[in-house]
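Beneath this line is the structure, given in structure tokens, with notes to follow.
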Amino acid sequence: MGASNSIEFKNITKRFGRKVANENISFSLNKGEILSLLGENGSGKTTLMNMLAGIYYPDEGEILINGEPVQIRSPKDAFRYNIGMVHQHFKLVDLFTAAENIALGEKGRLDRSRIAAKIREISSKYGFIIDPDKKVYEMSVSEKQTVEIVKVLYRGADVLILDEPTAVLTPQEIGHLFTVLRAMKADGKSIIIITHKLNEVMEISDEVAVLNHGSFIGKVRTSDTDPQKLTEMMVGHKVALEIRRPMPKDPKPRIVVNDLTVRNHEGVNKAHHISFTAYSGEILGIAGIAGSGQKELLEAIAGLQVITAGSIQYLPDGKKPMELVGKTPMQIRQAGVSLAFVPEDRLGMGLVGSMGMSGNMLLRTWRRGKGIFVDEKISRDLAEHIREELDVSTPDIMYPVRRLSGGNVQKVLVGREIASAPSVLMSAYAVRGLDINTSYTIYNLMTEQKEKGVAVLYVGEDLDVLLELCDRILVLCDGHVSGIVDARTSNKNEIGLLMTTIGGQQPSGSVPAGQKSGKEEQQDA
Amino acid sequence: MNGLILLIYNAVLNGAPLMYGTMGEVLTEKSGNLNLGVEGMMYMGGAIGLGAAFYYEKMAGDGASGLVAVLLALIFAFLAGAFGALIYSWVTISLRANQNVTGLALSIFGTGVGQFIGEYMRVQEGGFVAISNGLKAFFQNSPFPAALRAVPVIGQLLFSYNIFVYIALIIAFAMAYFLNKSRAGLHLRAVGESPATADAAGIDIEKYKYLATVIGGGISAIGGMVYIMTIAGCVWNHDGLAGEGWLAVALVIFCLWKPVGAIWGAVLFGALMIMYVRVQIPMVPDQLYKILPYVVTVIVLIAVSLRRKRENEPPASLGLSYFREDR
Amino acid sequence: MHNEKQPLFHLARRDEMPKSKVWMIRAASFLAALLIGAALFGVLGKNPFEAYGTIITGSLAKPSAIRQTVKIAIPLLGTSLALAPCFGMRYWNIGAEGQITAGALAATYFALHFGKTWPHPVILIVMALAACLFGGLWAAIPAFFKARYNTNETLFTLMMNYIIIGVVKWLQGGPWEGKPGSQIIPMFPDNAMLPKVLGVHCGWIIILLLTVFMYFYLTKMKHGYEIAVIGDSVNTARYAGMNVGRIVIRTVFFSGAICGLVGYLVTCGANGTLYDSVAAGVGFTAITVAWLAQLNPFAMIAISMLLAVLSKGAGTLQTRMEVPASVSDILTGVILFSMLACEFFINYKIIFRGQHNDDGPRGFAPEDGKKPVKDAFASNGKEGGR
């Protein structure tokens, strides 16, 4: 191998229990370049990089640096080889300041002024904006990411691994991040970006390495490839990446939210004066930077949040409107409001990880049993039904759902919610962590529900998907409605701007597209 | 005025064992380990500390030096607690067992060991384990010269306590400095707040957890020895420590995980424990008065949970075990 | 930096182990604990075989000894059962000691004041109800604050122990004192004592019935389902429309009521009076029993009996071989440590240098590398149940 091969993986295999996360992976990467590590969710990208960063230790195979085999047993070893990783879930101590976090793990006396000086030097060199004395728990997501990157540079890393760095950023912040990355590359640093977003791969990287189901598929120069080819490598077969989007049929107001203010469990207002209308037969997308009040908004409608002001009107077909504010989740359901809610934290909020599918079906029906006993028959039947209908891969309906793969867990959750024949279906980050095929299954389920006349509220993070799937998109910014746009005519830039600055005031939303034209059309992305 | 000074004086004396118990547990909890076995470790420290002084005097005879006896009692009590904490650490840190249950197991084990050794010594020595009055004085009297102690007000308030009170103060300030100013202290706090972060930063988590827990356990155990050698009068009795170890665990919350706060908290609790002697309240019988420390702890617990402040919360990973490859 | 050795070993999560192997590991670690105990006897200059023999014969050889052992096991089993629903919710109730005392106190009130005058069945039933009610209320105080303000229940329940014990001390030396200056509450009249069945007070029948009930309560009933969901995730429970606060308070009240019943059995079944150490550490030991049994009520019977054998046997050991009876606490501690430690070998595997992690795919393999067992209470206890 030439001198330009700074890092080489040789026959790396890593297993978790019975699952093979990485199988016999071999490839190398060049010094001073940006490499994209591309693959679907669950294809083993993060696992592989965690072995380079010393978080995991490979079961088989070896890693070579500059042609020499090395043992990276811990993050400390990784530092010695000047390798640093910015994890997707930031590894920061919330209670510490930026400077304390950055200098963490260093040896020697704690000299705060020297640390601050070094941080300022790095910041000015690459164009970071950072306040060394700010506590992490007071920071925004992008500020935290900056701290993470500075931390890695501070430790003298020449090889930077960034795990899904753009997932939580707005388009504008992504632009800034890429500028910084180019500056670092110009400074001779090697950068590895883990991602599953093709447009970013094309924009930033010199080379692309592709993983699929834990195996290495190949490595190509970015200039020699295109998104279609990369997709085929990533998924293993040709896929038509289109989402069906029929025009809404006969939309009627179903949920009318008016001037809603929501306080979270810590007593902080997370949603301010929110007003909008969700129509039947329509998918209303909700976009925003992570933590802009999406979760609180959906939970408020489901009766799970403290509402300080405002109203939520539910308008069922042929019945009189009903006010949902002030009712408990149980009362909302018992009053015949069929809200189905697919929360973002599947195992922490929607499902009971230690129970099987059957036990999890009970979560919706446990009150129906006779007297003091639960009726396990209803839930077993429903579990079997969903298992067949959605092709859930589980050895047994009693098998703990925590041990299922992310896609199957999501199928169990969505299946259960849809089974209750809802008139409103809410979902938060329904495809987070799922592979492309399962994601499309979920999109189709949403569209099917919409065709049945259900009002669908879909909180998503991938703007491309939101623009393809939804009829209208409500954009949240810092807990305020920043704007409601027509998904068929809007674009990423417009939404990105609305995400960061509170834009045009459109309190109760524009009329859904279906009412304007009334004619069905299929739209390609 | 005099009554107040006497109250403070006695509060400090009664609080001294708690100072050690609490400071040790503060150090332990800063690493993210909730060790409920303080009572057990204090029992071990009490019995073994007493044993060390007793057998030293037995061997040295009349030439026994008070200083050596105090040192031996300190060292052996520390080692006893450190041993208990080492078992706890191995089971919870290396083997990642549930911390609550392991702590309770240590409580049962430690009280067993303490009682066993106390009882065994009593049987071996024909029914009585006590050190001579001359040696006792070294444990119970002030290390300062009489002239200093004789200064009005200040003499009694500042210079009249036994040596363990002053050692506790030194440990408290040293620990506060360590936690807040030193690099290792920063690392230890990071381990307790977010082990995954500390690990990714290259900090040896297991080393910090082990050291903090073992040293913390040793410090806690000294509290048991101080109780036996000062309050209980240098003899082993069946009542043992009367729940001091559990009180120490509660005091950690009261002092918001701050070592210097442990001193004030311990003095306050010491005051509550002896108030029934000093400040009579009509209609309230002594026995009910004695539950005051526990009632106050409950009130503090509620108060702490009512007003949450980021800096006052327990270390974020408290009670959880860490395995690097968990996601 | 060249040719560095691979680490001697590294750890990996284990997926699932065959049940037979799990029990083999547990049995082996129990044996290891006994070996450590044997070494302890050896150090003391006693023959370990003789010592263990004495423990067994002292607790089980004669009918009278068995009766004594059962008498020790009753409160232990009862309290472990009581704690199971709490721990199922991951509510750390370490106040069983106090709840037992509270129950005993309430029962004693009626025994002292109406024990001679009311008819036998009436007084016994009233005492039992009072004990359950007071034990439950005593437990519900910390639960209320937990539900309302998320107040730390571990220490709250602990402090409640010392408060109620303080109250009993006061009653002992004050209002309920028998002979002035004796610091002793008078013995109950026979009319207020439980009848005996097979030589032991009838509490053992009550507790065995309770064991069966608790099994169904936890696995088949709505309440048990709610408890299991809350134990797994409070957010999921809220999401499912459960009123978490109310369920927590209700469950803890129920738990405290059973503890209160245990206090009742101990006073009017065994002791015949009330004193401050009526709970005698049972509240703490029962926590470890519940954990070792992984909240399975039937397993609790076996473990309570084991610890009762140790405790009764150690008493015999003291009289026959001059080993302090507190050796039973040491042995209990050692057994607990080794049982806690052995779970590690069930949940993790150690891969030595050069060895392959060859737990390859077999059969069904969609696992995500997610943590399988974080907390024994959270998972092991329930997966079997449902």
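Protein chains in written order, with the numbering used here: chain H, 53 to 577; chain E, 563 to 889; chain X, 617 to 1002. Ideal Cβ positions, reconstructed from N, Cα and C, are used throughout, including at glycine.
Neighbours of Pro-940/X across chain E, judged by C-beta separation under 8 Å: Gln-677, Phe-678, Glu-681, Tyr-682 and Val-685. Met-776/X places its beta carbon 8 Å or farther from that of Gly-731/X.
Secondary structure within the segment 745–801 of chain X: the alpha helix (DSSP H) runs of 4 or more consecutive residues, fully enclosed, are 769–789 (chain order). When DSSP states are grouped into helix, strand and coil, Gly-535/H belongs to the strand group. Look at Met-837/X: its C-beta is under 8 Å from a C-beta on chain H.
Considered as a whole, the segment 352–437 of chain H harbours 358–366 and 391–394 as its complete beta strand (DSSP E) runs of no fewer than 3 residues, in chain order. Per DSSP, reduced to three states, the secondary structure at Ser-636/X is helical. By the Cβ rule, the segment 343–353 of chain H counts as touching the segment 322–332 of chain H, because three or more pairs are nearer than 8 Å. Excluding five sequence positions before and after Ala-471/H, the CB atoms of its chain that fall closer than 7 Å to its own CB belong to Leu-434 and Ile-438, given in chain order.
In this chain, the beta strand (DSSP E) harbouring Asn-321/H covers 321–331.
Within the segment 689–720 of chain E, the alpha helix (DSSP H) runs of at least 4 residues that lie entirely inside it are, in chain order, 695–702 and 708–712. Asp-624/E counts as exposed, since fewer than 16 other beta carbons sit within 10 angstroms of its beta carbon. The C-beta distance from Ala-339/H to Val-394/H rounds to 17 Å, too long to fall under 8 Å, and the pair is not in contact. As the crow flies, the alpha-carbon of Ala-73/H is around 11 Å from that of Tyr-108/H.
Proximity of the segment 133–149 of chain H to the segment 75–83 of chain H falls short of the contact definition, fewer than three beta-carbon pairs being nearer than 8 Å.
Interface with chain H (8 Å Cβ-Cβ cutoff): Lys-769/E is excluded.
Lys-743, Ser-744, Arg-745, Leu-748, His-749, Arg-751 and Ala-752: these are the residues of the segment 735–752 of chain E whose beta carbon lies less than 8 Å from some beta carbon of chain H, given in chain order.
Beta-bridge analysis with DSSP links Val-211/H to Ile-135/H and Ser-242/H. Thr-759/E has a beta carbon lying within less than 8 Å of a beta carbon in chain H. With a 10 Å radius around the Cβ and a threshold of 16 neighbouring Cβ atoms, Asn-766/X comes out exposed.
A distance below 8 Å separates the beta carbons of Gly-607/E and Gly-786/E. Residues of the segment 392–422 of chain H whose Cβ lies closer than 8 Å to any Cβ of chain X, in chain order: Phe-393, Pro-395, Asp-397, Leu-399, Gly-400, Met-401, Gly-402, Leu-403, Val-404, Gly-405, Ser-406, Met-407, Gly-408, Ser-410, Gly-411, Leu-414, Leu-415, Arg-416, Trp-418, Arg-419 and Gly-421.
Neighbours of His-626/X in chain H, taken as residues whose beta carbon is under 7 Å from its own, are Tyr-109 in chain order.
The continuous beta strand (DSSP E) containing Met-478/H extends over residues 476–480. The C-beta of Asn-851/X comes closer than 8 Å to at least one C-beta of chain H.
Per DSSP, the beta bridge partners of Thr-247/H are Leu-90/H. The segment 920–928 of chain X makes contact with the segment 671–685 of chain X; the number of CB pairs closer than 8 Å reaches 3 or more.
For Glu-601/E, the enclosing alpha helix (DSSP H) begins and ends at 600–622.
Interface criterion not met: the Cβ of Glu-619/E is under 8 Å from no Cβ in chain H. Gly-355/H is a Cβ neighbour of Lys-379/H, given a cutoff of 8 Å. When Cβ-Cβ separations below 8 Å define contact, Glu-793/X makes no contact with chain E. Rounded to the nearest angstrom, the gap between the Cα atoms of Pro-735/X and Asp-806/X is 11 Å.
By the neighbour-count criterion, in which a residue is buried when 16 or more other Cβ atoms sit within 10 angstroms of its Cβ, Ser-680/X is exposed.
Inclusion of Val-262/H and Leu-282/H in the CB contact set at 8 Å is warranted, their separation being smaller than that value.
CA-to-CA, the gap between Arg-862/X and Ala-763/X works out to about 8 Å.
Annotation: the continuous alpha helix (DSSP H) that includes Glu-520/H extends over 515–521.
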